[in-house]
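These notes are about the structure you will find just below.
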Amino acid sequence: MATKPGERKLQILQTVAEMLEQPKSEKITTAALAARLEISEAALYRHFSSKAQMFEGLIEFIEQTIFGLINKITSEETSGIKQVEAVMALLLGFAQKNRGMTRVLIGDALVNEDERLQQRINQLLDRIETTLKQSLRIAVTLGELPQHADVTSQANVLVCYVMGRWQQFGKSGFVRDPMAQWPQQWAILACKAG
């Protein structure tokens with residue numbers, strides 16, 4: 097059965113993501129991926145020049161999804177604090193719904209892969225931190241946080257919190273829900289900076 101252009105590429109990426117969802121998944125090899133798709137390894141290389149390129153495809157999906165939703169939040173919500181809360185919930189919920197992608201975000205899936213993949217995840221996290229910092233500045237401007245609030249430190253703590261929740265989720269075999277106790281923990285995180 098013939099597939100439309102790009103359809104096989106998407107199918108390959110979806111299969112990689114599914115393989116990453118297995119709590120005790122082995123290292124993903126092109127041989128295992130090809131076997132799962134019932135195609136030859138050569139057929140994989142017609143769509144992706146390397147396994148690193150497959151992971152880049154997953155990272156692009158993560159970036160487009162997360163930043164598309166973040167842009168929607170920041171354009172629709174005027175309150176800086178509510179922007180931060182919504183972005184944080186989005187990041188935790190994204191992991192909850194995309195277990196395989198969580199393994200990419202925490203770097204588990206990138207061990208022994210091309211170094212530039214982890215650098216790209218680091219850049220994604222930096223962009224998230226910058227977004228949170230901007231929302232916190234809005235909160236200061238609106239009087240939702242004190243004028244002397246250290247938005248740089250606060251944004252960093254928030255990113256560290258998200259990364260920690262992602263780590264717990266991934267390292268627990270996807271048992272420790274990243275959204276568990278979110279309302280109570282947000283109340284702690286949202287404390288006014290002193």
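One gets my numbering by counting positions in the sequence shown from 1 and adding 96 to each. Idealized CB from N, CA, C, for every residue including glycine. Just so it is clear, the structure is predicted and the values come from calculations on it, not from any experiment.
| Item | Value |
| --- | --- |
| Presumed contact (8 Å Cβ cut-off) between Glu-159 and Leu-220, rounded CB distance | 6 Å |
| The stretch 189–201 touching the stretch 103–123, judged by at least three CB pairs closer than 8 Å | yes |
| Beta-carbon proximity check, Ser-136 vs Val-183, cutoff 8 Å | no |
| Straight-line gap, Leu-142 to Ala-130 (C-alpha atoms, nearest Å) | Checking the displayed sequence, the identity of residue 142 turns out to be Arg instead of Leu. Spanning the two alpha carbons is a distance of roughly 12 Å. |
| Assigned exposure category for Phe-241 - 16 Cβ within 10 Å defines buried | Residue 241 is actually Leu in this sequence, not Phe. Buried, because 16 or more other Cβ atoms sit within 10 Å of the Cβ of Leu-241. |
| Distance between Ser-145 and Glu-156 (C-alpha atoms, nearest Å) | 16 Å |
| Cα-Cα separation, Leu-186 to Leu-165 | 8 Å |
| Given 8 Å, three or more beta-carbon pairs between the stretch 223–230 and the stretch 250–268 | yes |
| Burial state of Gly-266, where buried means 16 or more other Cβ atoms lie within 10 Å | buried |
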